[in-house]
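Protein sequences, first through last, are from chains R and Y.
Okay, so the first sequence: first residue is 552 according to our numbering, each after it adds one.
Okay, so the second sequence: first residue is 552 according to our numbering, each after it adds one.
Virtual Cβ for every residue (Gly too), placed ideally from N, Cα, C.
A quick write-up on the structure given underneath.
2 protein chains.
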Amino acid sequence: MNASVSTPALIALDWGTTSLRAYLLGADGAVLDTRASPAGIMNLPAGRFDQAFEETCGAWLDAHATLAAPLPVIAAGMVGSAQGWVEAPYVETPAGADALVAGIVTVKAARGVEVHVVPGVLERGVLPNVMRGEETQIFGALASEPSLGTSGGALIGLPGTHAKWAFVSDERIERFYTFMTGETFAALRDHSILGRTMQPGASHDEQAFIRGVDTARDAGHAGVLATIFTTRTLGLTGQLTGEQQPDYLSGLLIGHELRGLNEVLTRERSALAGKTLRLIGNDALCDRYRAALARFGCHDAPTVAQATERGLYRIAARAGLVAAPVRTA
Amino acid sequence: MNASVSTPALIALDWGTTSLRAYLLGADGAVLDTRASPAGIMNLPAGRFDQAFEETCGAWLDAHATLAAPLPVIAAGMVGSAQGWVEAPYVETPAGADALVAGIVTVKAARGVEVHVVPGVLERGVLPNVMRGEETQIFGALASEPSLGTSGGALIGLPGTHAKWAFVSDERIERFYTFMTGETFAALRDHSILGRTMQPGASHDEQAFIRGVDTARDAGHAGVLATIFTTRTLGLTGQLTGEQQPDYLSGLLIGHELRGLNEVLTRERSALAGKTLRLIGNDALCDRYRAALARFGCHDAPTVAQATERGLYRIAARAGLVAAPVRTA
Numbered sequence: 552m553n554a555s556v557s558t559p560a561l562i563a564l565d566w567g568t569t570s571l572r573a574y575l576l577g578a579d580g581a582v583l584d585t586r587a588s589p590a591g592i593m594n595l596p597a598g599r600f601d602q603a604f605e606e607t608c609g610a611w612l613d614a615h616a617t618l619a620a621p622l623p624v625i626a627a628g629m630v631g632s633a634q635g636w637v638e639a640p641y642v643e644t645p646a647g648a649d650a651l652v653a654g655i656v657t658v659k660a661a662r663g664v665e666v667h668v669v670p671g672v673l674e675r676g677v678l679p680n681v682m683r684g685e686e687t688q689i690f691g692a693l694a695s696e697p698s699l700g701t702s703g704g705a706l707i708g709l710p711g712t713h714a715k716w717a718f719v720s721d722e723r724i725e726r727f728y729t730f731m732t733g734e735t736f737a738a739l740r741d742h743s744i745l746g747r748t749m750q751p752g753a754s755h756d757e758q759a760f761i762r763g764v765d766t767a768r769d770a771g772h773a774g775v776l777a778t779i780f781t782t783r784t785l786g787l788t789g790q791l792t793g794e795q796q797p798d799y800l801s802g803l804l805i806g807h808e809l810r811g812l813n814e815v816l817t818r819e820r821s822a823l824a825g826k827t828l829r830l831i832g833n834d835a836l837c838d839r840y841r842a843a844l845a846r847f848g849c850h851d852a853p854t855v856a857q858a859t860e861r862g863l864y865r866i867a868a869r870a871g872l873v874a875a876p877v878r879t880a
Numbered sequence: 552m553n554a555s556v557s558t559p560a561l562i563a564l565d566w567g568t569t570s571l572r573a574y575l576l577g578a579d580g581a582v583l584d585t586r587a588s589p590a591g592i593m594n595l596p597a598g599r600f601d602q603a604f605e606e607t608c609g610a611w612l613d614a615h616a617t618l619a620a621p622l623p624v625i626a627a628g629m630v631g632s633a634q635g636w637v638e639a640p641y642v643e644t645p646a647g648a649d650a651l652v653a654g655i656v657t658v659k660a661a662r663g664v665e666v667h668v669v670p671g672v673l674e675r676g677v678l679p680n681v682m683r684g685e686e687t688q689i690f691g692a693l694a695s696e697p698s699l700g701t702s703g704g705a706l707i708g709l710p711g712t713h714a715k716w717a718f719v720s721d722e723r724i725e726r727f728y729t730f731m732t733g734e735t736f737a738a739l740r741d742h743s744i745l746g747r748t749m750q751p752g753a754s755h756d757e758q759a760f761i762r763g764v765d766t767a768r769d770a771g772h773a774g775v776l777a778t779i780f781t782t783r784t785l786g787l788t789g790q791l792t793g794e795q796q797p798d799y800l801s802g803l804l805i806g807h808e809l810r811g812l813n814e815v816l817t818r819e820r821s822a823l824a825g826k827t828l829r830l831i832g833n834d835a836l837c838d839r840y841r842a843a844l845a846r847f848g849c850h851d852a853p854t855v856a857q858a859t860e861r862g863l864y865r866i867a868a869r870a871g872l873v874a875a876p877v878r879t880a
């Protein structure tokens, strides 16, 4: 083992709405330790950022303090929003890593350490779009696979509460879309008539999920406001059990997201069918998206591993917070 | 005044999920009295239908009892669902008034009166659809304007929690769509991030509403899951105040509903632009839909007055519950 690998060189924080994940990284970006906390910014009383930071990272900072300097700290996500610890104003598309580095805002923690907060990205226009945290993951994907950002551009999907689809070229985020798929699913399941006939299933019902995807793809032209009602009517007509309805609705919504994305691509003389893209997100959700993408003819959509920590490391290195050269593979 | 006008001949009930509206009708269908109650089927403890019926209609039945027979009673809406007073199984499309009459199911109230419950309508297929109550309103519209059902077919919109759009020809409901527009709006406003930056406006903001409609029409190709996020991002970028956001979102969702309907029409070589249609619903909501329809080039969409009571009367007359001939205007 190389000595530099095992020497902590950076604390990297993925600090979002509902959770805080902390990584202790070596000088070459290797993950030496991790911590997870429910201290997302929505779960914190105002002004308690310092306490959450101390609870999560204090021991690392104590253990690895040197005479020269404390460990540098970088953070991305909603921690940089107006409701966060310090606001790091959005940088605008097209946004490269240098723009993100230039937009870093620091906040001094109680113990004197400076926390470097990565800005989010804003796209202006008729349909303005914002991201916070995903930009860092996207640059993590580019760090893992540099050819993504150069060879004719890449499409990167980040499934979730607010799913993002980013078009990347020349190592910059050119533009992106946000689909409120996850949050709309939860709102409809928990707060509409559709939830009343649903029953929690013992496991994921792939068949019901695919049926939803296919319905959106083949019969979704009236739009999602029309098709979602079939979650109920297929139940009323004995074609979908209560246990199948959540997965059917999930398939419908993801199917409509991909239908919309495909329409965007079609207007650019492209299509999901045959396309190569990358996914970033948790494994179960990426698996769902891969299954849905396959129904649209897209069979090359691997998940990028460790995009978050690689992105944080890459931006920190570019900002000079760690001395090692940026790893490109 | 004609004597027949003032003689009560029918009690007609519009008994839905959240309310019960009762009409005392004359032999010619004129409305002699009305009662409204919050005793919708969702607000009733199991088995309390009789009590709600008695509280709402008991005085009418007492006052107008004759030696010959009590006043006939007809009811439409969710009262005929599996969760209602008695289940009146759906009749299938294409559904005319005679099919509805044949599908009437009766339930005997505690005081011995028979309540005649009109069935809902079911459309089978990949996207099954159901309605309960709207079928009666649609036949009310045809009673008001018989040419609607014959001259090449008509399109009738019923805005609401679950908006319906019905294609009517040869005096039959041929097929219909359900858009969960109203319920999705409420779920997103009350249970998603979009509601967090909203503030209740003092009045309807027409400009914000139209902006939403136009965004759905002109930039909605990625679908409603994508465009709704702009409710937030237009706020973040200072283009939409908190007070404007609810009306903008309302315009977006109604705009997507009409975009979807227009897509259905386009596939039949028709379009909303230049189309003549009818609306049934409360005045404020129909006004919103008319404003939105105008943005799609449809400028002929009057509201049908008294569709519910006219429909109940028409079906009752067809069922022989009232002796007078069906009024056609």
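Check                                                                                                                              : Outcome
Inside the region 653 to 699 of chain Y only - alpha helix (DSSP H) runs reaching at least 4 residues                              : 685 to 695
Beta-carbon neighbours of Y:I779, restricted to chain R and to distances below 7 Å                                                 : M731
Burial state of Y:R865 (16 or more Cβ within 10 Å)                                                                                 : buried
R:A842 versus R:T748, R:A759, R:A646, residue with shortest Cα-Cα distance                                                         : R:A759
The region 802 to 812 of chain R in contact with the region 728 to 745 of chain R per 3-pair CB rule at 8 Å                        : yes
8 Å contact criterion, which Y:D584 and Y:L575 should meet: CB distance rounded                                                    : 4 Å
Residues near R:G628 by beta carbon distance below 7 Å, same chain, minus five either side                                         : D565, W566, G567, R683, G684
Status (buried if at least 16 other CB within 10 Å, exposed otherwise) for Y:P751                                                  : exposed
Chain R contact for Y:H679 (CB, 8 Å cutoff)                                                                                        : According to the sequence provided, residue 679 of chain Y is Pro. The question's His does not apply to it. With 8 Å as the cut-off, Y:P679 counts as an interface residue toward chain R.
Beta-carbon proximity list for Y:L823, same chain, < 7 Å, skipping 5 on both sides                                                 : L809, L812, N813, L816, L844, F847, G848, C849
DSSP state of R:S801 mapped onto helix, strand, coil                                                                               : helix
Inter-residue CB distance, Y:V681 and Y:G700 (contact presumed, cutoff 8 Å)                                                        : In fact, because the Cβ distance is near 21 Å, the residues do not count as touching under 8 Å.
From Y:G609, Y:L828, Y:A835, Y:I689, residue whose alpha carbon lies closest to that of Y:R662                                     : Y:G609
Touching by the beta-carbon criterion (3+ pairs, under 8 Å), the region 789 to 801 of chain Y and the region 770 to 778 of chain Y : no
Chain-ordered residues of the region 615 to 647 of chain Y with a beta carbon less than 7 Å from chain R                           : none
With 16 other Cβ atoms within 10 Å as the buried cut-off, status of R:S555                                                         : Summary for R:S555: the model assigns pLDDT 47, below 50, so the residue's position carries little reliability, and this model does not support an answer.
Three-state secondary structure (DSSP) of R:W636                                                                                   : coil
Continuous beta strand (DSSP E) stretch holding Y:Y728: start and end                                                              : 723 to 730
Distance CB(Y:T827)-CB(Y:L800) smaller than 8 Å                                                                                    : no
Interface partners of Y:E819 on chain R, CB under 8 Å                                                                              : Per Cβ cutoff of 8 Å: no residues; Y:E819 is ~12 Å from chain R at best.
Chain R contact residues for Y:A770, given Cβ-Cβ distances below 7 Å                                                               : V677, L678
For R:R599, three-class secondary structure by DSSP                                                                                : coil
Best match in R:I744, R:T766, R:A867, R:G635 for proximity to R:A603 [C-alpha to C-alpha]                                          : R:G635
Opening and closing residue of the alpha helix (DSSP H) in which R:D838 lies                                                       : 834 to 846
Candidates R:L622, R:F690, R:E725, R:E606, of which the one nearest R:T882 by Cα                                                   : Since the first residue of chain R shown is 552 and the last is 880, residue 882 of chain R is not available in this structure.
Test: R:Y799 CB closer than 8 Å to a CB of chain Y                                                                                 : no
Distance CB(Y:G654)-CB(Y:A633) smaller than 8 Å                                                                                    : no
Residue range of the beta strand (DSSP E) that includes Y:A626                                                                     : 624 to 627
Euclidean distance between Cα positions of R:H742 and Y:G671                                                                       : 24 Å
8 Å Cβ cutoff met for R:V855 and R:S754                                                                                            : no
Neighbour list for R:R810 in chain Y, Cβ cutoff strictly below 8 Å                                                                 : G774
Rounded C-alpha distance that separates Y:D756 from Y:R740                                                                         : 16 Å
Other residues of its chain near R:F600: CB distance less than 6 Å, five sequence neighbours each side excluded                    : W636
Between the CA atoms of Y:L745 and Y:F736 - distance to the nearest angstrom                                                       : 10 Å
Within chain R, the residues that Y:V815 reaches when beta carbons sit closer than 9 Å                                             : H772, A773, A777
Bridge-paired residues (DSSP) for Y:V855                                                                                           : Paired residue(s): none; Y:V855 is not in a bridge.
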